[in-house]
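Residue numbers (numbering that gives the first Met the number 0), protein chains in the order written: chain A, 0 to 348; chain B, 0 to 212.
Heads up, the thing below is written out as structure tokens.
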Amino acid sequence: MSADAAQEPRGKNGRAPDPLRVGGWMPMREYADDEHVDFAIVGTGAGGGTLACKLAEYGFSTVAFDAGPWWRPLEEFASDEDHQQKLYWTDERICDGDNPLQLGSNNSGKAVGGSMVHFAMVSLRFRPEWFKARTKLGYAVDWPLDWREMWHYYREVEQALSISGPVNYPWGPPRPRYPYRAHELNAAGLVLARGCEALGLKWTPTPLATLSAPRGIAHPCVYRGFCTIGCSTNAKQSALITWIPRAVRAGAEVRDLAMVGRIETDTTRLCTGVHYMREGQWRFQKARNVVVAGYAIETPRLLLISSNNWFPDGLANSSGLVGRNLMVQTNQAVWGKFDEEIRWYKGPP
Amino acid sequence: MRDRYPGYDVLDKRHTPSWNEVTRRVIDQRLSISREPNFFSEDEWLTLNAICDRIVPQPKDRPPIPVAALVDDKMAKDRTDGYRHYRLPKMQDAWRRGLSALDREAQTRHGGRFHTISVAEQDTLLLQMQKGSLDNPAWDGMPCTVFFSERMAHDIVAAYYAHPTAWNEIGFGGPASPRGYVRMSFDKRDPWEAAEAKPGGEDEARRRNRDVG
Ligand SMILES: Cc1cc2nc3c(=O)[nH]c(=O)nc-3n(C[C@H](O)[C@H](O)[C@H](O)COP(=O)(O)OP(=O)(O)OC[C@H]3O[C@@H](n4cnc5c(N)ncnc54)[C@H](O)[C@@H]3O)c2cc1C
């Protein structure tokens, strides 16, 4: 096995790991720090990884940074909850205030692929009325875009990630077929289905971002049930094995173990690039546009920490809302006892 | 304690397709962990072991899970959780302060260090800690109830259930890569999963559990 991914960057010297093949590499384009790239992206998770791919495919010069390592799941992911904490952002965060947030170690990821490397793969669509929450439901705010526009992108992502889902989705406007068939339910799912039927409620298997049939050299989900500590068989369609390799093939550069510490702006109040720490050195990447996609905690942190004379309250903060009203991944779970054996540790969630 | 999964040993699967190479390495390391503290002092170690014995008491008829050693390993490597209640100091400091405060409480309330007082007295102290009613100055501003739930019990219980012996006890399938599972439905056991003994069915379960490897 090659050097420790958490110590040595892997995306360098013109190549990047190919996580789909044991020991595999693929060529990667590289940009110099003083080359004005079109986009510098902070974070390579659900947001940054996807965007890096799309921008590179549209022909923009793109460099994406991630503070975390570039893992090879087939070789480096153990079936062990404790060990797999290596996927999480475990740098210290202090939970303060009248009602301190109850976080868990897994509240966000620190890896190429971001939190998607350990997310639960549930792939839902926002329903039309939720885009007009204020007008139609009386809470929060209306979205600045129409649901149809978003549903067009959902379709694209569902195809790109080979989402497995039901033939008929029982709620909302009709949607096109999911590219892959729905997964079999595990006993925990069957309990819920049984409950729904008793109550006369509709139910459906959840659309999931894990393969229900082969895709290229990745084989279908084996129902090992360790999804939220990282998929060791590459059935999970995380950014690490979908958008990132596609981004690299389209000419994006991804820098792992590269922590962005500050975004620079100039006298015209436009950003000029990012300061980042890699291999023990602070460096500066020039860029025309900077995208911050570091998750709900690190994104505001970076924007606030980048304050300067022109932006004393941090970047993108004319509203004063950056860093407020924080929401993290919530968790909802019900536990119960049943006459049958459930063995809830099997299968996708 | 009744053995609900008689004869089940998750380690029997070590050389089957349920365990990949990296899993074998990780679990081997856990099983070979040093039984001597690397982080805690001699005094702290005695207190910690006594606490572990009350939070996760273990049956006498099997080798114990080295719970204190697993907690010590986490401290020695400073493997932090990534979040910290603002009333708690940093992980290592919280543990040091918590152990010495508990010892002080034991001294003043029961006349001896925590590991020397009776089990009933220990339980009383731990319950008071959980409820937040310990107030020796040695806590130094750290609420004992937050230390109890977010640090002490958290680390001890996580250490216990990270050990294969605990997986055997609760019939957990354990590592499953790349083989995974096949039978998803109610009452469907894959042949490499633990069989639970129904009353009177111990022998049958034992026979099945012999074949999980
Ligand atoms: C346990 C869990 C389960 C989830 N399950 C689901 C689910 O089933 N379905 C669903 O739709 N969503 C789920 N989510 C939510 C989903 O994963 C997140 O909403 C999504 O990943 C957020 O995308 P993001 O791009 O904002 O951040 P992330 O995907 O978290 O990516 C952020 C990346 O930025 C990097 N980064 C941050 N700051 C810096 C910096 N300064 N410099 C360099 N890099 C930096 C981090 O290392 C990280 O890799 C889950 C989340 C968690 C935690």
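Using N, Cα and C, we set each Cβ at its ideal position, and we do this for glycine too.
Predicted model, so just to flag it, every value in this text is computed and none were measured.
Would you say the beta carbon of residue 146 (chain A) comes nearer than 7 Å to a heavy atom of ligand 1? no
Measuring only between beta-carbons, confirm whether residue 192 (chain B) sits less than 8 Å from chain A. yes
Under DSSP, the beta strand (DSSP E) around residue 253 (chain A) begins and ends at which residues? 252 to 254
Residue from B:34, B:30, B:71, B:8 with nearest C-alpha to residue 43 (chain B): It is B:71 whose Cα lies nearest to the Cα of residue 43 (chain B).
Since residue 199 (chain B) is in the beta strand (DSSP E), which residue starts that stretch and which ends it? Element bounds for residue 199 (chain B): n/a, residue is neither H nor E.
Do the CB positions of residue 63 (chain A) and residue 43 (chain A) come within less than 8 Å of each other? yes
Tell me the DSSP bridge mates of residue 290 (chain A)? A:40
Residue 65 (chain B) CB to nearest chain A CB: under 8 Å? no
What residues match up with residue 180 (chain A) in a beta bridge as DSSP calls it? DSSP lists A:164 as partners of residue 180 (chain A).
What residues in the segment 184 to 197 of chain A have a beta carbon less than 9 Å from any beta carbon of chain B? 184, 185, 186, 188, 189, 190
Cβ neighbour criterion (16 or more within 10 Å) applied to residue 150 (chain B): buried
Out of curiosity, what's the CA-to-CA distance linking residue 122 (chain A) and residue 68 (chain A)? The straight-line gap from Cα to Cα measures roughly 25 Å.
Which runs of the alpha helix (DSSP H) fall wholly inside the segment 175 to 246 of chain A and span at least 4 residues, in chain order? 186 to 198
contact_flag[the segment 170 to 182 of chain B, the segment 60 to 75 of chain B] where n(CB pairs < 8 Å) is 3 or more: no
Bridge-paired residues (DSSP) for residue 15 (chain A): A:25
What is the DSSP secondary structure of residue 179 (chain B), reduced to helix, strand or coil? coil
In this structure, how does DSSP classify residue 0 (chain A) when only helix, strand and coil are distinguished? The predicted model places residue 0 (chain A) with a pLDDT of 49, which falls under 50 and marks its position as unreliable, so this point remains unresolved.
Please go through the segment 27 to 95 of chain A and give each complete beta strand (DSSP E) segment of 3 or more residues, from N-terminal end onward. 36 to 41, 61 to 64
Which one of A:179, A:148, A:174, A:155 has the shortest CA to CA distance from residue 162 (chain A)? Relative to the Cα of residue 162 (chain A), the nearest Cα in the group A:179, A:148, A:174, A:155 belongs to A:179.
Under 8 Å by Cβ, that's how I've got residue 55 (chain A) and residue 246 (chain A) pegged, so tell me the actual separation to the nearest angstrom. 5 Å
In whole angstroms, what separates the C-alpha of residue 112 (chain A) from that of residue 46 (chain B)? 42 Å
Would you identify the three-state DSSP class for residue 66 (chain B), choosing helix, strand or coil? helix
With DSSP run on the structure shown, which of helix, strand or coil describes residue 212 (chain B)? Reduced to three states, the DSSP call for residue 212 (chain B) is coil.
Which partner residues of residue 131 (chain A) appear in the DSSP bridge assignment? A:141
Minimum Cβ-Cβ distance from residue 175 (chain B) to chain A less than 8 Å: yes
List the residues of chain A whose Cβ lies closer than 8 Å to the Cβ of residue 218 (chain B), in chain order. The structure shown does not extend to residue 218 (chain B), since chain B is modelled only from 0 through 212, so no value can be given for it.
Just checking my contact of residue 277 (chain A) with residue 256 (chain A) at CB under 8 Å: how many whole Å lie between their CB atoms? The beta carbons of residue 277 (chain A) and residue 256 (chain A) sit about 6 Å from each other, so the pair counts as a contact at 8 Å.
Using 8 Å as the threshold, is the segment 139 to 155 of chain B in touch with the segment 85 to 94 of chain B, meaning 3 or more CB pairs across them? In short, these stretches touch, since the Cβ pair count reaches three.
Taking the continuous alpha helix (DSSP H) assigned at residue 90 (chain B), which residues delimit it? 90 to 109
Cβ pair residue 258 (chain A), residue 295 (chain A) closer than 8 Å: no
Residue 362 (chain A) and residue 270 (chain A) closer than 8 Å at C-beta: Because residue 362 (chain A) is not part of the residues shown, which for chain A are 0 to 348, the question remains open.
Taking only beta carbons into account, state which residues of the segment 91 to 107 of chain A come closer than 9 Å to chain E, listed in chain order. Among the protein chains in the structure shown, which are A and B, there is no chain E.
Quick check: does the Cβ of residue 185 (chain A) come within less than 7 Å of any heavy atom belonging to ligand 1? no
How long is the line joining the alpha carbons of residue 306 (chain A) and residue 299 (chain A), rounded to whole angstroms? Roughly 11 Å separates the two Cα atoms.
At least one CB of chain B closer than 8 Å to the CB of residue 215 (chain A): is that the case? At a cut-off of 8 Å between beta carbons, residue 215 (chain A) makes no contact with chain B.
At what residues does the alpha helix (DSSP H) containing residue 169 (chain B) begin and finish? Residue 169 (chain B) -> alpha helix (DSSP H) spans 163 to 169.
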